[in-house]
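Residue numbers (this note's numbering): -3 to 266. Data first, discussion second: the structure below is written as structure tokens.
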Amino acid sequence: MAVGIFDSGLGGLTVLDAVSKRLPDVPFVYLGDNKHAPYGVRDADDVYNLTCGATERLWDAGCDLVILACNTASAAALRRMQESWIPRDKRVLGVFVPLIEALTERQWGDNSPPREVAVQHVALFATPATVRSRAFQRELAFRAIGVDVEAQACGGLVDAIEEGDMILAEALVRSHVDALKRKMPTPQAAILGCTHYPLMQEVFQDALGPEVAVYSQANLVAASLADYLDRHPNMHGSGQSAMFLTTGDPKRVSDHATQFLRRRIQFEPA
Ligand code: DGL
């Protein structure tokens, strides 16, 4: 009954932590494509090919359902995968839709037509590839009307977090928030549209000010996945055990992951 969780690197561990707490009986197989991270600076074809390869590896591990716990992959590859590549007995879901459903105050999986919502000025912080894809705006337009989105590509932030350089990461967050505020002085809500950014949530909140509602994904994805598995119990795959797989150097990735989540994590070669 395993479910796959994919990220380009370690950021998806924030999602893994939340889904494991929410669904303690489900074994999760985590795959980090550390060898090819970061994805945020790659072009869409590249992200698509890498994401398809990683998804196949998780299917092989007995995970019929794979969560792309990577906004860049969700933004740049998921729609193309769903339109032409995923076989009927498998599912791949992304991390944007639960976030947008929460922002637009919808029930999980509510596909009713777009409507006016309370929030009108939204700041999106994400990787350059996610911002370029405009996937957030596209998915939002399916659900809400009259929402103004200003996107800020946070160059360098994923690398600083992956390297554990939190002083640089904090300086980058503050300068990206300043840049955003020059374009949209008073956002009502801010989306942390990259799985690495929850680690910097307090700095984002501090730089944005207390009046801005900051949305981060991990708990929203966990709640939405629990609801999805309730509605689709057949999507529990055949895999039985939890695993951490990486395309990178397992020792180095395990050490970084342990630092990242502040608990011991042991990765195996993918
Ligand atoms: N974790 C990925 C995301 O959520 C970004 C990291 C990367 O650039 O690879 O967008």
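Quick reminder that beta carbons are idealized off the backbone N, C-alpha and C, glycines included. If you're wondering where the values come from, they're calculated on a predicted model, not measured in any experiment.
Exercise. Over what stretch of residues does the alpha helix (DSSP H) that includes Leu27 continue unbroken?
Worked result: Run containing Leu27: none in the alpha helix (DSSP H); it sits in the beta strand (DSSP E), 24 to 28.
Exercise. If you draw a straight line from the alpha carbon of Leu136 to that of Val37, how long is it in whole angstroms?
Worked result: Near 23 Å, if we compare the C-alpha coordinates of Val37 and Leu136.
For this session: Going by CA-CA distance only, name the one from Pro194, Val217, Glu158, Tyr193 that's closest to Gly28.
Result: Out of Pro194, Val217, Glu158, Tyr193, Glu158 has the C-alpha closest to the C-alpha of Gly28.
Exercise. By a C-beta neighbour count over all protein chains shown, 10 Å radius and 16 as the cutoff for buried, is Arg87 buried or exposed?
Worked result: Buried.
Problem set entry | Same chain only: Cβ atoms within 8 Å of Glu166, ignoring 5 sequence neighbours per side | For Glu166, where only same-chain residues beyond five positions count, the Cβ hits under 8 Å are Met196, Val199.
Problem set entry | Euclidean distance between Cα positions of Ile141 and Ala72 | 23 Å
Problem set entry | Beta bridge counterpart(s) of Asp144 as assigned by DSSP | As DSSP reads the structure, Asp144 sits in a beta bridge with His117.
Exercise. If you run the structure through DSSP and keep just helix, strand and coil, what is Leu168?
Worked result: helix
Exercise. Closest by CA to Gly5, which one among Gly189, Pro110, His252, Arg258?
Worked result: His252
For this session: Grab the span of the alpha helix (DSSP H) containing Ile96 for me, first residue to last.
Result: 92 to 99
Problem set entry | Same chain, Cβ closer than 6 Å to Ala131, neighbours up to 5 away in sequence not counted | Same-chain partners within the cutoff: Ala71.
Exercise. Within 8 Å: the Cβ of Thr191 and any heavy atom of the ligand DGL?
Worked result: yes
Exercise. If you pair each beta-carbon of the region 113 to 120 with each one of the region 143 to 150, do three or more pairs fall below 8 Å?
Worked result: yes
Problem set entry | First and last residue of the uninterrupted alpha helix (DSSP H) at Asp3 | Here Asp3 belongs to no alpha helix (DSSP H); instead the beta strand (DSSP E) covers -1 to 3.
For this session: Tell me whether the beta-carbon of Ala122 lies closer than 9 Å to the beta-carbon of Asp39.
Result: Their beta carbons are not under 9 Å apart, which means Ala122 does not touch Asp39 by this criterion.
Exercise. Thr242 by DSSP, collapsed to three states: which one?
Worked result: Here Thr242 sits in strand by DSSP.
For this session: Specify, as a first and last residue, the run of the alpha helix (DSSP H) that Ile261 falls within.
Result: Premise fails: Ile261 is in no alpha helix (DSSP H) and is neither H nor E.
Exercise. Assuming Ala156 contacts Leu168 under a Cβ cut-off of 8 Å, what Cβ separation, rounded to an integer in Å, is found between them?
Worked result: 6 Å
For this session: Would you be able to state if there are at least three C-beta pairs under 8 Å between the region 15 to 22 and the region 210 to 222?
Result: yes
Exercise. If Ala214 and Gln184 are in contact, beta carbons under 8 Å, what's the gap, nearest whole angstrom?
Worked result: Ala214 to Gln184, Cβ: 22 Å. No contact.
Exercise. Using a Cβ-Cβ cut-off of 7 Å (strictly less than) and excluding sequence neighbours within five positions of Thr68, which residues of its own chain qualify?
Worked result: Around Thr68: Ser4, Tyr35, Gly36, Val43, Thr123, Ala125, Thr126.
Problem set entry | Backbone secondary structure at Tyr44 - three-state DSSP | Three-state DSSP puts Tyr44 in a helix.
Exercise. At what residues does the alpha helix (DSSP H) containing Ile157 begin and finish?
Worked result: 153 to 158
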